[in-house]
Amino acid sequence: MPRLHRNRPRRTPASLPVTRHTRQLLHTCWNLGQRPEFAHLNLWKWAHMLGHRGHFSTKSRRYSTTLGTLRTARRTHATEQARTRNGHPTYDPTETLVLSDWRYLATGYSPGEEFLAEAVRRDRSDALRLKCEGESSQWP
48 MPRLHRNRPR
58 RTPASLPVTR
68 HTRQLLHTCW
78 NLGQRPEFAH
88 LNLWKWAHML
98 GHRGHFSTKS
108 RRYSTTLGTL
118 RTARRTHATE
128 QARTRNGHPT
138 YDPTETLVLS
148 DWRYLATGYS
158 PGEEFLAEAV
168 RRDRSDALRL
178 KCEGESSQWP
(Lines of atoms letter the chains of each structure in order from A and count residues from 1; the text may use other names and numbers.)
(Lines give C-alpha, C1' and ligand atoms only; values in the text may rest on other atoms or scores of the structure.)
Protein backbone atom coordinates (compact mmCIF):
# COMPACT_ATOMS: atom_id res chain seq x y z
CA MET A 1 0.00 0.00 0.00
CA PRO A 2 1.41 3.45 -0.84
CA ARG A 3 2.05 6.00 1.83
CA LEU A 4 -0.55 8.65 2.51
CA HIS A 5 2.18 11.27 2.24
CA ARG A 6 5.77 10.84 1.07
CA ASN A 7 7.38 12.12 4.27
CA ARG A 8 5.18 10.25 6.71
CA PRO A 9 5.07 6.60 7.73
CA ARG A 10 2.77 4.18 5.95
CA ARG A 11 -0.76 4.16 7.40
CA THR A 12 -4.03 2.65 6.32
CA PRO A 13 -7.02 4.95 5.79
CA ALA A 14 -8.86 3.05 8.53
CA SER A 15 -6.24 4.14 11.09
CA LEU A 16 -6.48 7.84 10.24
CA PRO A 17 -8.46 10.22 12.46
CA VAL A 18 -10.66 11.47 9.60
CA THR A 19 -14.37 11.42 8.78
CA ARG A 20 -15.98 8.56 6.92
CA HIS A 21 -16.40 10.78 3.85
CA THR A 22 -12.69 11.71 3.82
CA ARG A 23 -11.75 8.06 4.25
CA GLN A 24 -13.93 7.18 1.24
CA LEU A 25 -12.21 9.90 -0.84
CA LEU A 26 -8.81 8.43 0.13
CA HIS A 27 -9.93 4.95 -0.97
CA THR A 28 -11.24 6.39 -4.23
CA CYS A 29 -7.90 8.10 -4.94
CA TRP A 30 -6.02 4.85 -4.41
CA ASN A 31 -8.50 2.76 -6.39
CA LEU A 32 -8.54 5.15 -9.35
CA GLY A 33 -4.75 5.49 -9.17
CA GLN A 34 -4.39 1.73 -9.73
CA ARG A 35 -6.39 1.81 -12.96
CA PRO A 36 -4.25 1.98 -16.12
CA GLU A 37 -6.23 4.86 -17.65
CA PHE A 38 -5.53 7.04 -14.58
CA ALA A 39 -2.00 5.82 -13.80
CA HIS A 40 -0.41 8.96 -15.27
CA LEU A 41 -2.25 11.10 -12.68
CA ASN A 42 -0.48 9.41 -9.74
CA LEU A 43 -3.59 9.89 -7.63
CA TRP A 44 -2.26 7.74 -4.80
CA LYS A 45 0.63 10.21 -4.36
CA TRP A 46 -1.91 12.98 -3.89
CA ALA A 47 -4.31 11.11 -1.62
CA HIS A 48 -3.29 13.37 1.29
CA MET A 49 -4.75 16.23 -0.80
CA LEU A 50 -7.75 14.07 -1.75
CA GLY A 51 -6.45 13.77 -5.30
CA HIS A 52 -5.95 17.48 -5.93
CA ARG A 53 -2.37 18.33 -7.00
CA GLY A 54 -2.76 22.10 -6.93
CA HIS A 55 -3.02 24.67 -4.17
CA PHE A 56 -5.24 23.55 -1.31
CA SER A 57 -7.55 26.54 -1.73
CA THR A 58 -8.94 28.21 -4.78
CA LYS A 59 -7.72 31.60 -5.90
CA SER A 60 -10.32 32.07 -8.62
CA ARG A 61 -12.09 35.44 -8.60
CA ARG A 62 -14.81 34.02 -10.78
CA TYR A 63 -15.79 31.02 -8.67
CA SER A 64 -14.74 31.96 -5.16
CA THR A 65 -13.23 34.66 -3.01
CA THR A 66 -9.55 35.48 -3.37
CA LEU A 67 -6.91 34.86 -0.73
CA GLY A 68 -6.31 38.64 -0.59
CA THR A 69 -9.96 39.19 0.31
CA LEU A 70 -9.69 36.53 3.01
CA ARG A 71 -6.53 38.14 4.43
CA THR A 72 -8.22 41.56 4.49
CA ALA A 73 -11.26 40.15 6.29
CA ARG A 74 -9.01 38.34 8.79
CA ARG A 75 -6.99 41.53 9.44
CA THR A 76 -10.16 43.60 9.89
CA HIS A 77 -11.60 41.04 12.30
CA ALA A 78 -8.38 40.84 14.35
CA THR A 79 -8.15 44.65 14.50
CA GLU A 80 -11.75 44.92 15.67
CA GLN A 81 -11.20 42.23 18.31
CA ALA A 82 -8.10 44.04 19.63
CA ARG A 83 -9.96 47.37 19.64
CA THR A 84 -12.81 45.87 21.68
CA ARG A 85 -10.47 44.01 24.03
CA ASN A 86 -8.40 47.15 24.75
CA GLY A 87 -11.39 49.46 25.13
CA HIS A 88 -10.55 51.72 22.18
CA PRO A 89 -13.31 53.70 20.45
CA THR A 90 -14.94 52.48 17.25
CA TYR A 91 -12.89 53.26 14.16
CA ASP A 92 -14.38 55.95 11.92
CA PRO A 93 -12.30 56.83 8.84
CA THR A 94 -13.96 60.27 8.61
CA GLU A 95 -12.71 61.33 12.05
CA THR A 96 -9.24 62.48 13.07
CA LEU A 97 -7.79 60.76 16.09
CA VAL A 98 -6.13 63.20 18.49
CA LEU A 99 -3.77 61.78 21.10
CA SER A 100 -3.44 64.09 24.07
CA ASP A 101 -1.87 61.79 26.63
CA TRP A 102 1.76 62.90 26.66
CA ARG A 103 4.17 61.60 29.28
CA TYR A 104 7.83 62.35 29.95
CA LEU A 105 9.89 59.26 29.22
CA ALA A 106 13.58 60.10 29.33
CA THR A 107 16.39 62.44 28.28
CA GLY A 108 19.68 61.59 26.63
CA TYR A 109 21.19 58.33 25.59
CA SER A 110 20.46 54.95 27.09
CA PRO A 111 23.55 53.24 28.56
CA GLY A 112 24.03 51.23 25.34
CA GLU A 113 23.63 54.30 23.12
CA GLU A 114 26.03 56.24 25.35
CA PHE A 115 28.65 53.50 24.96
CA LEU A 116 28.30 53.49 21.16
CA ALA A 117 28.37 57.30 20.91
CA GLU A 118 31.54 57.44 23.02
CA ALA A 119 33.18 54.75 20.85
CA VAL A 120 32.37 56.73 17.68
CA ARG A 121 33.67 59.96 19.24
CA ARG A 122 36.90 58.24 20.29
CA ASP A 123 37.41 56.70 16.82
CA ARG A 124 36.90 60.06 15.09
CA SER A 125 39.21 61.81 17.54
CA ASP A 126 41.94 59.19 17.04
CA ALA A 127 41.58 59.35 13.25
CA LEU A 128 41.86 63.15 13.28
CA ARG A 129 44.89 63.03 15.59
CA LEU A 130 46.64 60.43 13.40
CA LYS A 131 45.89 62.46 10.29
CA CYS A 132 47.35 65.61 11.87
CA GLU A 133 50.44 63.75 13.11
CA GLY A 134 51.00 62.31 9.63
CA GLU A 135 50.75 65.73 7.99
CA SER A 136 53.05 67.41 10.53
CA SER A 137 55.77 64.79 10.06
CA GLN A 138 56.01 65.69 6.37
CA TRP A 139 57.26 69.20 7.15
CA PRO A 140 60.98 69.72 7.79
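Each position in the sequence shown, counted from 1, maps to that position plus 47 in our numbering. Glycine included, C-beta positions come from ideal geometry on N, C-alpha and C.
- With contacts defined by Cβ atoms closer than 8 Å, A94 and C76 form a contacting pair.
- Our two residues, Y138 and G155, have alpha carbons roughly 36 Å apart in a direct line.
- L79 is not a Cβ neighbour of R70, given a cutoff of 8 Å.
- In this structure, DSSP gives A153 a state outside helix and strand, which the three-state scheme calls coil.
- By the criterion of a C-beta distance shorter than 6 Å, R168 is surrounded by no residue of its chain, once the five residues flanking it on both sides are discounted.
- In the structure shown, the three-state DSSP call for R82 is coil.
- Within the model, the alpha-carbon separation for S172 versus A166 is close to 10 Å.
- The C-beta distance from L72 to L97 rounds to 5 Å, short enough to fall under 8 Å.
- In the three-state DSSP reduction, E142 falls in the coil class, being neither helix nor strand.
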